[in-house]
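Enquirer: Got a structure here, written out as C-alpha cells. Questions coming.
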Amino acid sequence: MKKKRILVVYIPLIAILVVIIAGFSYSKQSVQKSISFDGEKTQAPILDTWNRIMAKSANKDEINVIVDKKEVKYVNKRAYMSGNMNLMIPLDIVIETFNCAANVYGGEKIVIEKGSSIVALYLNTKKMIFNDNEYSLDDKPVTKDGTIFVPANIFAKCFAYDYNWNSKSNTASFTGKKGTKSYLPKRYSYLDKKRAVPAKNQGNYGTCWAFATLTAIETSLMPEEQYDFSENNLARSNDMSGEIQDGGDYIMSMAYLMAWKGPVLEQDDPYGTQEKTTGLKAKKHIQEAQILPEKDYDQIKEMVYKYGGVESSMYMSLNNSKSKSVYYNESEYAYCYKGKKKPNHDVVIIGWDDNYSKELFNDQSIPGDGAFICMNSWGEDFGYKGTFYVSYYDDRIGTSNVCYTGIENTDNYDNIYQSDICGWTGSMGFEGSSTVYFANVYNPSENGKLQAVGFYAVTPGVKYEVFVDSKFEGENSLSERTHTAASGTLKNKGYYTIKLDKPYSVKQGQKFSVTVKITSGKDKKIFKLIPVEMNGSDDSYNVDLTDGEGYFSSTGNRWQSSEKHDCNICLKAYTDKK
C-alpha cells in the first residue's frame, strides 16, 4: 500500500516538473474551475499547491495582458494572479479593454454589460449573476488600495473570449470569438440603469449649456457617486465679458473645468445667486473631454455606454415646458426638427432606442425608426421626468457633442501650472505645414515632480510627442530635445491629460519647459494645429498675456513668441510635491 501511495503522490509531481521545464501554457474557459481527478482525493491539495507556486512566480514580474492583439495600458494598478491561478484585473481597465459598460452600485455590486449579456458581481462574495442565472466563482472581486479587481475568466465564460496563459512570457491573452465585435445593445437608458440625475430647471436664463455640461458630468459619476454641481458658478465664473443671459457653449465649460475652477457644489453657490461666488474649490478635477465627430451616432452611443451623458446641441423650437410646436409630439415625448436653423439649445444624451417607432413623431416623412433619449433642463414637468426622445433623423441633434471622459479626484495632482484661463478660443499654425511645435515655460512656486501635461487636440487623429526640459535656459534650449517623455495618437478633438514616462524634478525658481510636437491626422489640410487663448474680434474674452511664456515653431528649431502674436499657448503642467 505504501508503494501505491507513493506513486499516487509523485506522478503528479513529476508531471509538474515536466510542465515547468516545457514552459507552461494553457487555456481556461470556465467561470467555475472543476478540480476532478480519477481515484485519489490527495491530488486536489497538490493542484492547489501547484497553483500557489505558479501564481507566486507570475506575480514576481509584471503580468502582460493582451486583448485582441492589443496590449492593455493600465490606469493605476496592474493585474495579478490569485492563489487559484485566476487572473485578477483592475476594474478601471475593463471598459476600454473589453468594450463594455462597467458600473458599481451601492459600493458592492459590480455590473458589467456587453451587448445583451449582463454580469453582476459582488465585492467579497464568490457568486455571479449572469443573464439572471446564479453561478459560483473561485475568486471573489476584491478591493486593494482603493482599486477594485475582478476575476478575468468571466470574460471567457460570459462575453465569448478565448483565454490563454503563457508562463514563459508572463502573458495573459484574450481573443474575441467571431461575432463579438458588436457590443452596443438596441436600447440603453440611464433611466433604466438608475444612472439618471433629477431634471433641473434653468428658468429664464440662457444657461442650458451650463446645465448640460454639469448634468453630463453628474451622470458620468453615477451610480457610484451622486453630486449636484453648481450651474450658477459655472455660468458666472467663466472669463467671458458677457452676461449670464447671453448663453454659452462647451468651450466655455471646458475652460472653467480644465482650469480647476470647478465643478463646485450647488449648495455652495445656489442657482439664481446674482453675484459671482469666489474662493470655492473644485470637488472633482476634469482631466479629459472628447469632442465627438458630427453625426457620429455610433461613437455617441459608445460614450454614453462607457462613460457618461453626451452634451449635444440641437435646434429647439419650444421656449419652455408649456409651449407647443409642430416638431414635438407632447403625448409621446417625441421631437424631430427638419430644417436649416442653427442649434440654439443644449441637452444631454443619456440613452437611445433603435426601435423607437418613426410613427410616434409628428413628421410622418421620417424614413426610419430610432431616437436618442435626452435630458432637458426645463424641470420634470417637461416630457417624461424631464427627458424626451429626439429622432435620429433630426437635422441638428448630434452635430456638436462633448463627453467628459476623464473625471478624477482632487488629490490626483498637487499643482497645476497654466496661462490659458479662458481656454481654447482659437488656433494657429503654418500654411502647408502638417507638423507644428508649441511650448510653454513655467516658473514653479515650489519643488516638485512633473507628472503630466495637458493640451487640446484641435482636430481628430493627431499624433503627439512630449518633451521636457527641467532647466530651461532660453529659447534655444527648446530645440534640444533628446528624450521623448510621452507619445501617442488622439482619436478625437478635445482636451487630454498625458501622463509622462516618469516624474521629472522641478525646482522652485528654476524655469522648466514643456514642448509638444503635433502632426495632423487624416485631414492633412488642417494647418492650424496649435491651440491658443486669444481675444475675439469683439474682445469677448478677458485674456491676460502677462501670465505666461509661450513659443511655437514649424520646424522645432526656430521659435516665435506667442505673446508677441497676442495669444497664450493652451498647455498645462501638473506636478506633485516631493
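Position 276 of the sequence shown, counted from 1, bears residue number 276 in the UniProt record's numbering, the numbering being contiguous throughout. Here a beta-carbon is modelled for each residue, glycine too, at the ideal position from N, C-alpha and C.
Does DSSP put residue 460 in a helix, in a strand, or in coil?
Expert: Correct three-state label for residue 460: coil.
Enquirer: Hey, quick one: how far does the alpha helix (DSSP H) through residue 157 stretch, first residue to last?
Expert: 153-158 is the span of the alpha helix (DSSP H), which, as asked, contains residue 157.
Enquirer: Going by other Cβ atoms of all chains shown within 10 Å of its Cβ, with 16 needed for buried, is residue 548 buried or exposed?
Expert: Buried: at least 16 other Cβ atoms inside 10 Å.
Enquirer: Output the distance between the C-alpha atoms of residue 22 and residue 405, rounded to the nearest integer angstrom.
Expert: Low local confidence applies: a pLDDT of 42 at residue 22 is under 50, so the model's placement there is unreliable, and no value is given.
Enquirer: Looking only at its chain, what residues have a beta carbon closer than 7 Å to the beta carbon of residue 131, apart from the 5 residues adjacent to it on each side?
Expert: So the qualifying residues of the chain are 117 and 118.
Enquirer: Please work out which residues of its chain come closer than 6 Å, Cβ to Cβ, to residue 463, disregarding the five sequence neighbours upstream and downstream, and give them in chain order.
Expert: Once the five neighbours on either side are set aside, the close Cβ partners of residue 463 are 489 and 519.
Enquirer: Residue range of the beta strand (DSSP E) that residue 403 falls in?
Expert: Taken as a continuous stretch (DSSP letters only), the beta strand (DSSP E) holding residue 403 covers 401-408.
Enquirer: Just mark residue 561 as buried or exposed, buried being the case when its beta carbon has 16 or more other beta carbons within 10 Å.
Expert: Classification of residue 561: exposed, given that the 10 Å Cβ count is below 16.
Enquirer: Roughly how many whole angstroms lie between the Cα atoms of residue 288 and residue 403?
Expert: Distance between the alpha carbons of residue 288 and residue 403: 9 Å.
Enquirer: Any contact of the stretch 500-512 with the stretch 386-394, i.e. 3+ C-beta pairs under 8 Å?
Expert: They do not touch, by the three-pair rule.
Enquirer: DSSP three-state label for residue 502, please.
Expert: Note: residue 502 maps to strand in three-state DSSP.
Enquirer: Give every residue of the same chain whose Cβ lies closer than 7 Å to the Cβ of residue 125, excluding the five residues on either side of it in the sequence, and list them in chain order.
Expert: Result list for residue 125: 140, in chain order.
Enquirer: Could you work out which residue in 200, 366, 322 and 383 is closest to residue 339 when comparing CA atoms only?
Expert: Among 200, 366, 322 and 383, the Cα nearest to that of residue 339 is on 366.
Enquirer: To the nearest angstrom, how far is the alpha carbon of residue 470 from that of residue 486?
Expert: Taking the straight line from one Cα to the other gives about 15 Å.
Enquirer: To test your reading of the DSSP string, which unbroken alpha helix (DSSP H) runs of 4 or more residues are found completely within the stretch 240-301?
Expert: Counting whole runs of 4 or more residues, the stretch 240-301 contains the alpha helix (DSSP H) stretches 250-258.
Enquirer: Where does residue 78 sit, in a helix, a strand or coil, going by DSSP?
Expert: Correct three-state label for residue 78: coil.
Enquirer: Do residue 266 and residue 298 have their CB atoms nearer than 7 Å?
Expert: Result no, Cβ atoms of residue 266 and residue 298 do not sit closer than 7 Å.
Enquirer: If you run the structure through DSSP and keep just helix, strand and coil, what is residue 22?
Expert: With a pLDDT of only 42 at residue 22, under 50, the local geometry of the prediction cannot be trusted, and the value read off the model is given with reservation. DSSP places residue 22 in helix when its eight states are reduced to three.
Enquirer: For the alpha helix (DSSP H) that contains residue 208, what are its first and last residues?
Expert: First-last of the alpha helix (DSSP H) with residue 208: 208-221.
Enquirer: For residue 195, name the three-state secondary structure that DSSP assigns.
Expert: Correct three-state label for residue 195: coil.
Enquirer: Measure how close the beta-carbons of residue 580 and residue 93 come, nearest whole angstrom, since I'm counting them as under 8 Å.
Expert: In this structure the chain extends from 1 to 578, so residue 580 is not present and cannot be described.
Enquirer: Just to confirm before moving on: does the CB-CB distance between residue 246 and residue 451 stay below 7 Å?
Expert: No, these two residues do not count as a Cβ contact at 7 Å.
Enquirer: Rounded to whole angstroms, what is the Cα-Cα separation between residue 454 and residue 211?
Expert: So the alpha carbons of these two residues sit roughly 25 Å apart.
Enquirer: Please list the segments of the beta strand (DSSP E) lying wholly inside the stretch 300-386, counting only runs of 3 or more residues, in order along the chain.
Expert: Entirely contained in the stretch 300-386, the beta strand (DSSP E) runs reaching 3 residues are, in chain order, 310-314, 345-353 and 371-375.
Enquirer: Can you look up residue 98 in the DSSP assignment and give me helix, strand or coil?
Expert: Three-state DSSP puts residue 98 in a helix.
Enquirer: Can you give me the C-alpha to C-alpha distance between residue 204 and residue 315, rounded to a whole angstrom?
Expert: In a straight line, the C-alpha of residue 204 is about 18 Å away from that of residue 315.
Enquirer: Which value, in whole angstroms, describes the spacing of the CA atoms of residue 62 and residue 170?
Expert: In a straight line, the C-alpha of residue 62 is about 8 Å away from that of residue 170.
Enquirer: Have a look at residue 351 and residue 401 and give me their C-alpha separation to the nearest angstrom.
Expert: If I take the Cα positions, the gap works out to 14 Å.
Enquirer: Going by C-alpha to C-alpha distance, which of 165, 122, 55 and 220 sits closest to residue 66?
Expert: Minimum Cα distance to residue 66 is reached at 165.
Enquirer: Tell me, to the nearest whole angstrom, how far the beta carbon of residue 398 is from that of residue 295; I am working on the premise that it is less than 8 Å.
Expert: Right, the Cβ-Cβ distance comes to about 5 Å (below 8 Å), so this counts as a contact.
Enquirer: Can you list, in chain order, the residues of its chain whose CB lies under 7 Å from that of residue 663, leaving out five sequence neighbours each side?
Expert: The structure shown does not extend to residue 663, since the chain is modelled only from 1 through 578, so no value can be given for it.
Enquirer: DSSP three-state call for residue 469: helix, strand or coil?
Expert: Reduced to three states, the DSSP call for residue 469 is strand.
Enquirer: Between which residues of its own chain and residue 472 is the CB-CB distance below 7 Å, once the five residues before and five after are set aside?
Expert: Answer for residue 472: 441, 511, 512 and 513, listed in chain order.
Enquirer: Give me the DSSP bridge partner(s) of residue 90.
Expert: BP columns for residue 90 point to 149.
Enquirer: Within the continuous alpha helix (DSSP H) that includes residue 232, where are the two ends?
Expert: From DSSP, the alpha helix (DSSP H) with residue 232 extends over 231-237.
Enquirer: In this structure, what does DSSP give as the bridge partners for residue 623?
Expert: Only positions 1 to 578 of the chain appear in the structure, and residue 623 is not among them; the question remains open.
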